[in-house]
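There are 2 protein chains.
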Amino acid sequence: MNQEQLVAELQRIVGPKEVIHKPDDLIAYECDGFTIVRARPRAVVFPNNTQQVAAVVKLLHDNGIPFIPRGAGTGLSGGATPINGEVLISLVKMNRLLSVDFKNRTAVVEPGHVNLKLTNAIAHEGYYYAPDPSSGMSCTIGGNVGENAGGPHCLKYGVTSNHVLGVEMVMPDGEIVTLGGAVPDMPGYDLTGLIVGSEGTMGIVTKIVVRILKKPQGVKTVVALYDSVDDASQTVSAVIASGIIPGALEMMDRVAIEGVEAGNYPVGYPKDLAAVLLIELDGLTAGMEAMAEQIVDICRQYHVREVRVAQSDKERTLWWANRKTAFGAMGKISPDYMVQDGVIPRSRLPEVLRRISDISRRSGLRIANVFHAGDGNLHPLILFNSANPGETELAVKVGSEVLQVCADVGGTITGEHGVGIEKQHDMPKIFTQEEIDAQVEIMRVFNPHNLCNPDKLFPKPSRCVEVKRAAHTH
Amino acid sequence: MNQEQLVAELQRIVGPKEVIHKPDDLIAYECDGFTIVRARPRAVVFPNNTQQVAAVVKLLHDNGIPFIPRGAGTGLSGGATPINGEVLISLVKMNRLLSVDFKNRTAVVEPGHVNLKLTNAIAHEGYYYAPDPSSGMSCTIGGNVGENAGGPHCLKYGVTSNHVLGVEMVMPDGEIVTLGGAVPDMPGYDLTGLIVGSEGTMGIVTKIVVRILKKPQGVKTVVALYDSVDDASQTVSAVIASGIIPGALEMMDRVAIEGVEAGNYPVGYPKDLAAVLLIELDGLTAGMEAMAEQIVDICRQYHVREVRVAQSDKERTLWWANRKTAFGAMGKISPDYMVQDGVIPRSRLPEVLRRISDISRRSGLRIANVFHAGDGNLHPLILFNSANPGETELAVKVGSEVLQVCADVGGTITGEHGVGIEKQHDMPKIFTQEEIDAQVEIMRVFNPHNLCNPDKLFPKPSRCVEVKRAAHTH
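Which chain is which? The protein sequence lines are A and D, in order.
Residue numbers for the first sequence follow the UniProt record's numbering, so the first one is 1 and each next one is one higher.
Residue numbers for the second sequence follow the UniProt record's numbering, so the first one is 1 and each next one is one higher.
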């Protein structure tokens, strides 16, 4: 099928305006939030409903043309990058909130529904949607399902897979299936759980049944400033050991603080701090005061320099805005940066931070650490300058060394950003060949012709297609 | 391979005493807790370690002999029943607690480790294992993994799949693999989640990494007595809507109360009650008093006859002992009973209870309702007398009608007891043929020769082997 025929057929299904195919218009779709690898898609198509998705997929399947589902393109591991010139099936027009059942605490959304809009739509009844990635204002729930997205509040409330009860999905041959449902723990195999986090390799999710939660009655946010990373890490362990499960427990180190203070929402943290902890309690107001005091006591026990409970909503909002813009703010202190994402057993935090600091010293690249400390999900930000010859490659190498440290201590190579193309060659750090083969076999059950997001997630002995590597500039 | 050769080979692997093969000795292994269907296994083998499991499985695989993993045999859906005369691989000798990591809150157990023993082993440090099936004193964690077992406290803490981080498993060809790990949310597909609840059809789990939790600082238990099932149901909805998530929220109706009061732990509930709610708060003691008062207020709002907060540990323990023996206590008021297990959206509780009551009236069989009301997981107990001709068949039919009601309101046919052989023919009530086929294909990836627990979980066009149907007598 030549390009002209393909475009005509796609337009017949979705309408003439819903297909992008001119080379210049396609540039915006060459990558997602992982910008180091870029490739031109053959076309981008914008279906409006499940039937259109199914018809598009059937057309592509029958003609052996590979394709990739795409949400808002905020992914950080290149899951939506068309490395083989795939057709991108964008779900952004399928963005409706289809129904809300407050009594049973579920909602049904289309995949293009923006994460934060769901919370806004149900807030009037006192409900919210829990997974809160930093990109919540733009990322889609369909994309969150693909990557099994997390966020600061996943410490207490769990990641996307804990909030998805069922999905409607177009299989890679165009068939429409329903998995899971409006009640949890269906019999048979947990295929919904298998789809969540499968990074678009098993089909295209067209409807999502999610859990919604009652908004906590109250929130108390504590900020604690430390002269030592070790003391801050020990505080994290001690808080968890106390039996309190905070809604969020975030940490930033000295370089990260430098970044956020240079960003759009400076808090005024002293420049010589070693670490900041942001600890947020949520739940019923009864007893919360006492719990906050207990947190403050623990901070003091570990030599906190200064500890403060937010005195107003404004103060709390500023602390969070400061934290949530940490990635972007790195652009203020470095020409380029690369976000890493690893998970470690919480108790190894001090050791891992020391080893990351060693890697930084040896390589000469600065590394900022911003992370969900409560669940051991690190986000080292590797700062570099792509204008310096070889420095991009060095940053990639440093990222891989950081992941090796995570794997060495019994952790894993991605917490919430996915594998995509960024980490497909790191998978052997934590899986044997047999374990990878088993996963590929499972994928083949859904995707036997490997047309749906091919050549992602798993290491390839050799890449089918050469991809253009470009620096990640801000 | 003839029987003599098989026994000799098995004995060579596990030792002569670890194989049961004489017909009389095999009688005890003809069924699990689902006693309506019985069949004689070819042999029962008791491996001591993973290598022995792998060697046994390889032997059976290479000779085309089907086999089934078995825990304590407390399953309620016939998952461990050797309907094809399979070899049973009992994991009860592999019952060690291999390690505990309090700091990272994980423990590693062998599959034969008894559920409650884990909690007892870690209680001295203030920790416990959350999933609490009523059979906790005897059921094994390996069996819990197979069935994705629940329990009263799963309302707040989630079922087994929420507490298993990884497994070591012997594949149906004898290969040993590791899935998941000690940190949550591994990249790649969630194969651990797929194994949990797969009812022994994908392999034999030989090690389990579980989450352990800090014991709640305090507990408050409220019992509420109602003159109307509707009022009790409304209370359940109102409690959940208030934002309080109790550790457990249990309900029993009039027939169930008659049963538990005739059992070993009578509380002294009045005989004319329509329903009892058992509501348990757990967590930090700060604020718990106020929360209990709020619960009491809600009960009053829905016309509770009497409501009481437990005044001592002894009182609380009695209430729970009374509730936990509900299934067994039915034996005191009926010669036979059959436990059903369905899930419904919480808001449909009053309607579903009315429809179950209609089914009871029409069939002439009494039905007791005991259930995890908070998460809509019903356990209707169908009372019958197998000595009356046709009554066993009628009870089976009534059970199926009850499941149809659950399916009709958007629920499902099993919450925590599994499908096994009991409900394999009910699967089409909630899955299309395509959805079942997809699951069978997934199973085949792990179990291509269908040797590992064959002919369970999915409906068969026709049974391969005739099974003896016998009544379930107590």
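For glycine and all other residues, C-beta sits at the position ideal for the given N, C-alpha and C.
Since this is a predicted model, take the numbers as computed values, not measurements.
- Contact check between the stretch 269-281 of chain A and the stretch 375-395 of chain A: fewer than three CB pairs, one atom from each, fall below 8 Å, which does not count as touching.
- For the alpha helix (DSSP H) assignment, the uninterrupted runs of no fewer than 4 residues enclosed by the stretch 283-339 of chain D are, from N- to C-terminal side, 288-301, 313-324 and 326-333.
- Beta-carbon to beta-carbon, A:Thr50 and A:Ile245 are separated by about 38 Å, too far to satisfy the 8 Å threshold.
- Only Met427, Ile430, Phe431, Thr432, Glu434, Glu435, Ile436, Ala438, Gln439, Glu441, Ile442, Met443 and Arg444 from the stretch 427-444 of chain D bring a Cβ to less than 9 Å from some Cβ of chain A.
- The CB of A:Glu175 comes closer than 8 Å to the CB of Glu434 in chain D, given here in chain order.
- C-alpha of D:Trp320 to C-alpha of D:Gly263: approximately 13 Å in a straight line.
- Contact note: A:Ile298 does not reach chain D at a C-beta cutoff of 7 Å; the least C-beta distance is about 14 Å.
- Taking 8 Å as the upper bound on Cβ-Cβ separation, chain A lies near residues Gly410, Gly411, Thr412, Ile413, Thr414, Gly415, Glu416, Gly418 and Val419 of the stretch 406-421 of chain D.
- The Cβ atoms of A:Gln217 and D:Gly197 lie no closer than 8 Å to each other.
- Residue nearest to D:Ile83 within the set D:Ala39, D:Pro172 and D:Pro111 is D:Ala39 (criterion: CA-CA distance).
- Legend: CB atoms of the stretch 213-226 of chain D lying less than 7 Å from CB atoms of chain A belong to residues Lys214 and Gln217.
- D:Val45 is bridged by DSSP to D:Val19 and D:Ile89.
- Shown in chain order are the members of the stretch 188-203 of chain A whose Cβ falls below 8 Å from a Cβ of chain D: Gly188, Tyr189, Asp190, Leu191, Gly193, Leu194, Val196, Gly197 and Ser198.
- Chain-ordered listing is empty here: chain A has no CB closer than 8 Å to the CB of D:Asp282, the nearest sitting near 11 Å.
- For the beta strand (DSSP E) assignment, the uninterrupted runs of no fewer than 3 residues enclosed by the stretch 238-265 of chain A are, from N- to C-terminal side, 248-253.
- Residue contact with chain A for D:Asp231: absent (no Cβ-Cβ distance below 8 Å to any residue of chain A).
- For D:Arg346, a Cβ of chain A is located within less than 8 Å of the residue's own Cβ.
- In terms of Cβ geometry, A:Ile89 and A:Val53 form a close pair [threshold 8 Å].
- Put simply, the backbone Cα of D:Ile257 is about 50 Å away from that of D:Ile13.
- A:Lys93 is outside the set of residues whose beta carbon lies under 8 Å from a beta carbon in chain D.
- For A:Arg366, no alpha helix (DSSP H) segment is defined, and its DSSP state is neither H nor E.
- Exposed is the label assigned to A:Asn63, since fewer than 16 other Cβ atoms lie within 10 Å of its Cβ.
- In the displayed model, A:Ser138 falls within coil according to three-state DSSP, outside both helix and strand.
- The beta-carbon distance between D:Val398 and D:Ile359, rounded to whole angstroms, is 6 Å. This is short enough to meet the 8 Å contact definition.
- Residues are counted here when their Cβ sits less than 9 Å from a Cβ of chain D; for the stretch 325-353 of chain A these are Val343, Ile344, Pro345, Arg346, Ser347 and Arg348, given in chain order.
- The DSSP assignment places complete beta strand (DSSP E) segments of no fewer than 3 residues inside the stretch 347-406 of chain A at 367-372 and 377-384, in order along the chain.
- Counting along the chain, the unbroken alpha helix (DSSP H) around D:Val14 starts and ends at Gln3 to Val14.
- In summary, no residue of the stretch 245-263 of chain D has a CB separated from any CB of chain A by less than 7 Å.
- D:Ser228 and D:Ala275 have their C-alpha atoms some 7 Å from each other.
- Just so you know, the alpha carbons of A:Val45 and A:Lys423 end up roughly 27 Å apart.
- Contacts with chain A at 8 Å (Cβ-Cβ) do not include D:Lys207.
- Each residue's CA atom was taken as its position, placing A:Ser135 and A:Thr74 some 7 Å apart.
- Taking every protein chain shown into account, the CB of D:Glu434 has fewer than 16 other CB atoms within 10 angstroms, so this residue is exposed.
- Following the DSSP letters along the chain, one finds D:Glu441 inside the alpha helix (DSSP H) bounded by residues Gln433 to Phe446.
- Think of a sphere of 7 Å around the beta carbon of A:Ala123: no beta carbon from chain D falls inside it, the nearest being about 14 Å out.
- The alpha helix (DSSP H) runs of length 4 or more contained entirely in the stretch 93-157 of chain A are, from start to end of the chain, 115-122, 141-147 and 154-157.
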